[in-house]
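Chains as they are written, first to last, in numbering that gives the first Met the number 0: chain A, 0 to 359; chain B, 0 to 359; chain C, 0 to 359; chain D, 0 to 359.
A virtual CB, placed ideally from N, CA and C, is assigned to each residue, including glycine.
Just so you know, these numbers come straight off a predicted model, no measurement behind them.
Single-structure report; data block below.
There are 4 protein chains.
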Amino acid sequence: MAGNSIGVLFRVTTFGESHGEAIGVVIDGCPAGLQIDLEFIQRQMDKRRPGQSALTTQRKENDQPQIISGVFEDHTTGAPLAALFRNQDRRSKDYDALVDKYRPSHADFTYEAKYGRRDHRGGGRSSARETVARVFAGAVAQLFLRQHGIKVKAFVSQVGSVKLTKPHHQLDLQTTWDNPVHCPDSATAESMKKLIEEVRSQGDTIGGVVTGLIQGCPAGLGEPVFDRLHADLAKSMLSINAAKAFEYGSGFAGVEMRGSEHNDPFVKDGQKILTSKNDSGGIQGGISNGMEIYFKVAFKPVATIMKKQKTVDRQGRPTEIEGRGRHDPCVVPRAVAIVEAMAALTIADHFLRQRSIRFE
Amino acid sequence: MAGNSIGVLFRVTTFGESHGEAIGVVIDGCPAGLQIDLEFIQRQMDKRRPGQSALTTQRKENDQPQIISGVFEDHTTGAPLAALFRNQDRRSKDYDALVDKYRPSHADFTYEAKYGRRDHRGGGRSSARETVARVFAGAVAQLFLRQHGIKVKAFVSQVGSVKLTKPHHQLDLQTTWDNPVHCPDSATAESMKKLIEEVRSQGDTIGGVVTGLIQGCPAGLGEPVFDRLHADLAKSMLSINAAKAFEYGSGFAGVEMRGSEHNDPFVKDGQKILTSKNDSGGIQGGISNGMEIYFKVAFKPVATIMKKQKTVDRQGRPTEIEGRGRHDPCVVPRAVAIVEAMAALTIADHFLRQRSIRFE
Amino acid sequence: MAGNSIGVLFRVTTFGESHGEAIGVVIDGCPAGLQIDLEFIQRQMDKRRPGQSALTTQRKENDQPQIISGVFEDHTTGAPLAALFRNQDRRSKDYDALVDKYRPSHADFTYEAKYGRRDHRGGGRSSARETVARVFAGAVAQLFLRQHGIKVKAFVSQVGSVKLTKPHHQLDLQTTWDNPVHCPDSATAESMKKLIEEVRSQGDTIGGVVTGLIQGCPAGLGEPVFDRLHADLAKSMLSINAAKAFEYGSGFAGVEMRGSEHNDPFVKDGQKILTSKNDSGGIQGGISNGMEIYFKVAFKPVATIMKKQKTVDRQGRPTEIEGRGRHDPCVVPRAVAIVEAMAALTIADHFLRQRSIRFE
Amino acid sequence: MAGNSIGVLFRVTTFGESHGEAIGVVIDGCPAGLQIDLEFIQRQMDKRRPGQSALTTQRKENDQPQIISGVFEDHTTGAPLAALFRNQDRRSKDYDALVDKYRPSHADFTYEAKYGRRDHRGGGRSSARETVARVFAGAVAQLFLRQHGIKVKAFVSQVGSVKLTKPHHQLDLQTTWDNPVHCPDSATAESMKKLIEEVRSQGDTIGGVVTGLIQGCPAGLGEPVFDRLHADLAKSMLSINAAKAFEYGSGFAGVEMRGSEHNDPFVKDGQKILTSKNDSGGIQGGISNGMEIYFKVAFKPVATIMKKQKTVDRQGRPTEIEGRGRHDPCVVPRAVAIVEAMAALTIADHFLRQRSIRFE
């Protein structure tokens, strides 16, 4: 219970360090009888994979899961579904200079404060390499959700000050994966790409925003009062490296609205009760209402920059540091797949939890 | 495990409905030997109490805890610390008209979708009345944290479009409780108050933002990779009624920054290692770094307005509804105490969790 | 998470001390829509109630639940189901002499070792008074299980060396409640009663065994590998005051059997697959197989005796102690209801857990 | 949360099937800074290893852990400690005949009832092969406990009707590992060995009892009221394959004792408060009292016998089955190491939990 697991019934545990042997994941609670579509899973893996474009780190990993347990004749058995991802392209030497120095805005100092020691190679457990495990687990969750008509989708909606201004329902989300930024508007994507390239050429990094959508979610998911659906989504999203903020529905903009303007009127559409607009973001009282769930996650600029920075060493003596290793100039292109994964894990967990609370 | 508990080691469970007999709370895991200062607790309760000013609902509750268990000779015993708050001023008749109608942007529809039924009186379990239990538990957590030099503080930093623009370290937080809005800047507080009064006179409601601070937090709290300190804070905050967004440190603004600008350089100050600025918001890699933790929580406008609204009934037939009952025109003045409580619960839990992870 | 909760989905938390204001219980996760039959619940409460016969403590408690939360129009709402039991007949003065002394084989010494302090009145939280909360929760669980055709039954099968020798399927379990010992064989019950009376007249106490049965349990409950159904039953049973041992199916006797003798052959009976005998006790590989589950729980003699005993005080100085207060000479007549309750809680929890593990 | 994890703070998750690629284990919560003594770990592994003597299955596995994560420079880092054990000697063909048949008293039928399918090869997840992961985790727990002066020890005390009659404090436990039965009395061990050989020569199997001891356990471990130390020990022990019963302290024998005889008088010994005898088995009120903890675990005869047995197939049609594969004629010689492991896991978890409950 040291923070490496998430979910109550669809429970995911990850292990492994960036420059260790492998990254691994165990899903305990994946329903038995689910068909495992390895091609779908690999497509999700590839969305997060390093080296997929010039905009990302050039670390070479094929990110192919080795399934150890829980699948028999292409279906889940109910046993823990475990998979490994070998770390193929480690360059631990790149980190030798860092063994005694704290990189600014990295986890070096805090890991030592917490544990009294750390594995300095490649950031150890604090590296985004760990998210390979999440994307696998999220892909399995998506396979499960798809059988129940639920889809999760995400895309880049901001890089630096370049924003995607169109409302998400006017976008063709099929195009998200047509460009290396993963923004479903080609003109905006192009501006974002230019900004990332410019920033990188300066040895610098830049932040961004990922928008997430959950479509086809039935009404009734989420648990009052602490495990509200959006509260668990917030936790999932803020557990992603470099995430700084989360909002859903009207979010921060809702602050300036009047109740009469913000409230979502109920209407009947055929046999279904809907709302005529959706400032609630698909969740009311912490429980899904059957409308589309949408949210945004803000990411800070990556801490590793290719510039000299002042810092201190373990003894607190002033020193300098310069970025080495292979890093992303902006996390959001690769974070899209991670946001999808964490959203899928959260919804799958609440989907299973909802099965137990009705007397039937 | 239906969402009514939070925390791993300092574990809080709440129960009770808005118009039931009482609201209750159980803290399982409060360390034994903590002196219970009832005056301090009551001061925290009073910060959230309805009817404290003309800006809040006029429901009359004294909100005095009746401690049932876990305290002996003014100290905690290690047994579950349980307390009750009697509901004294129920007017369930106000809700009779609502038994078959779904109030827009309330939890009526979603509770029925989830459970197949609901206690319609006063919003039942979805009412903010439930938070009386949280403020009690949070006050106990604060007593614990204060013994370790940790303080949590919150204040209103925005109402509608009226914003507190001064950075928080330039404010005199002592003055937070001098005005009914609970904004530590008297001129801004006055503008906020006027806005709330204006909105209320129109039968409408308005949103706002609460800023939270955690001071004196030692480095090392928070658990990678899923239970990052800010991820658990985000969940805590978004579990509060009407919360729509959370950001910490640079938050959404950090998106537009370069890494070279955002990174926090380490410096030595006496025997301590600090950062010379704090865009990280006191947390790096999900673990506290010893600097001040700060964050913002956005609240939407209250859904109950004193205006006619269109909606549907259980059969989906169009109908109208008009606000009755006693309600807040803006939640943030009372939400300040709840934000403090949830922050204290989160930090107390991680403080205890940290005790187990070092070999000593 | 200090041990006062049990169950994953049907999660029960108890609070309150023997001589405090009240004992309380919260069930978080009871399915919504369950009809609450208060008469059934009270019958279960009365089976455990003190003073029900001359064989039990004469403490006077009516043990009527005050339901605080979670029930509306006689049905559960899905909100936490909370109830209180006022402590009506406290005689804390009886314990004044014990404030500095450790009663042999009581929890006085260990509570102080654990917490650094204790509420000495009536044993505080270690008193069997706490089980009033369990019997209530267990009765609610039984209401739920009965709707699914599952019944739990228990009875006294041994007091001291007086044993019920008939196999349980030859007994008329209806008669369990016809005698104050709660043994479904009148002749054996009479011998047990005499033994308890004799022991009590000597100021002494005696141990006993309770047998538990779960009938109508469907195949498939229980979770490999750690949460095996019998492992969770063992934990539940050994969490009851004075319990020292648990066995299910062939139990300790199975040790001396050969595999060829112990194995349960499968047979077909109509459309169902059964076993032709049941040394497995209804559980194979940790999962119910649809046969009757049966088990035994051993209880030691009550530690409070009406005789002088040697002990030490807080400073370790030798002293003497003499039993006061009102106590049971043998726990098993009242433990029958507690065993039923804990069995029902365990099965209800696993029943709900099983809903999540199949892809449907 | 499908049963593959145990422990609150020292939390162990296992994965992998008997005839899959590997068995794996993740320890989340092992304190950072613990030195990992691989030789000690391997010695524990070897105690459970198949093929160690003529009395056990002849499956050939070297059972050497491959540590994937959580150890750096021979010390734990606080990150999840994960290890794999490759399955080297699989003979899945041995199980082909069983694909449609339910082996008596095995988990074939119940796994199918639960999950709707099963991996029939080698018993899949229900195989005792899974316990290799537990022994590894238990060895790590023992390394931790040894640093705090706590030792766990176990030995065989009964095979069939051959019992070790000497009280455990009269035994030289060093000799436990001198004979293949793992009974610390050579004459009794010899009788047990003969019995096992005789039973095996008949193609049959036999049950047994393992006694466990925990020495040096400080007073104060265990959590009232549900997570009593002995309740958690009972669950741990009954989660081991083939376990049917658990007793601690006086156990079933205590039933026939009087309170005046059973009670343990407190005495002072130097600066320590002890009890002059120990029928309590080192635990009072669910909390350790500083005395030796002792308990017994009963194991049934192994279900796989080399004799023809009647059973049914999936359609319920009568059929016959004959044991194949390589199996133990009696589990207890190898179960000793597993009992030690599960005891260590339980105590380590409660040791860490105890750190959080005192105000310091």
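In the same chain as L54/A, and ignoring 5 residues on each side of it, the C-beta atoms closer than 6 Å to its own belong to P179, I195 and P332, in chain order. Looking at the backbone, the Cα of P300/D and that of E189/C are separated by about 37 Å. Taking 9 Å as the threshold, the shortest C-beta distance from T75/A to chain C falls below it. Straight across, the Cα-Cα distance linking K192/D with D184/D is about 12 Å. Collapsing the DSSP output to three states places Y101/C in coil. Ranked by Cα distance from D73/B, the options T204/C, R354/C and D118/C are led by D118/C.
Closest by C-alpha distance to Q63/A, out of Q41/A, T75/A, P49/A and K276/A, is Q41/A. Using a CB distance cut-off of 9 Å, P79/A counts as an interface residue toward chain D. Straight-line measurement puts the Cα of V24/C at about 11 Å from the Cα of T13/B. Between Y247/A and K243/B a beta carbon distance of about 6 Å is seen, short of the 8 Å cut, so the two are scored as contacting. Across the segment 0-31 of chain B, CB contacts with chain A closer than 7 Å involve M0, A1, G2, N3, S4, I5, V7 and T13, in sequence order along the chain. Going by DSSP, D107/C is part of the alpha helix (DSSP H) stretching over D107 to Y114.
Just measuring C-alpha positions, the residue of Q65/D, P79/D and V11/D sitting nearest G32/D is P79/D. Runs of the alpha helix (DSSP H) lying entirely within the segment 240-288 of chain A and spanning at least 4 residues, in chain order: 258-261.
Under the Cβ distance rule, K113/D counts among the residues neighbouring chain A, one pair being separated by less than 9 Å.
L237, S238, K243, A244, F245, E246, Y247, G248, S249, G250, F251, G253, V254, E255, M256, R257, G258, S259 and H261: these are the residues of the segment 237-261 of chain D whose beta carbon lies less than 7 Å from some beta carbon of chain C, given in chain order.
Taking 9 Å as the CB threshold, Q41/D stays off the interface with chain A. Partner residues in the beta bridge of D312/D, as assigned by DSSP, are K100/D. For F143/A, the secondary structure class from DSSP, reduced to helix, strand or coil, is helix.
Legend: CB atoms of the segment 118-131 of chain A lying less than 8 Å from CB atoms of chain D belong to residues D118, G123 and R124.
Here P317/A is exposed: its Cβ has fewer than 16 other Cβ atoms, across all protein chains shown, within 10 Å.
Per DSSP, the continuous alpha helix (DSSP H) segment holding K192/D begins and ends at S185 to S200. With a contact defined as Cβ atoms closer than 8 Å, D231/C and A1/B miss out at about 19 Å. The Cβ atoms of I292/C and L351/C lie no closer than 9 Å to each other. Residue state for I205/D is assigned as strand, using DSSP reduced to three classes. At the C-beta level, Y101/A and D107/A come within 9 Å of one another.
9 Å or more divides the Cβ of V338/B from the Cβ of V7/D.
Non-local C-beta neighbours of S4/D in its own chain, meaning closer than 7 Å and more than five positions away in sequence, comprise R10, V11 and T12, ordered along the chain. Looking at the DSSP output, A153/C sits in a beta bridge with G211/C.
For the 9 Å CB-CB criterion, P103/C and F265/D form a contact.
Here V134/A is near A336/A, since their CB atoms are less than 9 Å apart. Residues of the segment 325-357 of chain B with a Cβ closer than 8 Å to any Cβ of chain D, in chain order: L351, R352, R354, S355, I356 and R357. Ranking R354/B, C329/B and N86/B by CA distance to the CA of S52/B puts C329/B first. By the C-beta density criterion, S200/B is exposed, having fewer than 16 other C-beta atoms within 10 angstroms.
At a cut-off of 9 Å between beta-carbon atoms, P217/D makes no contact with chain B.
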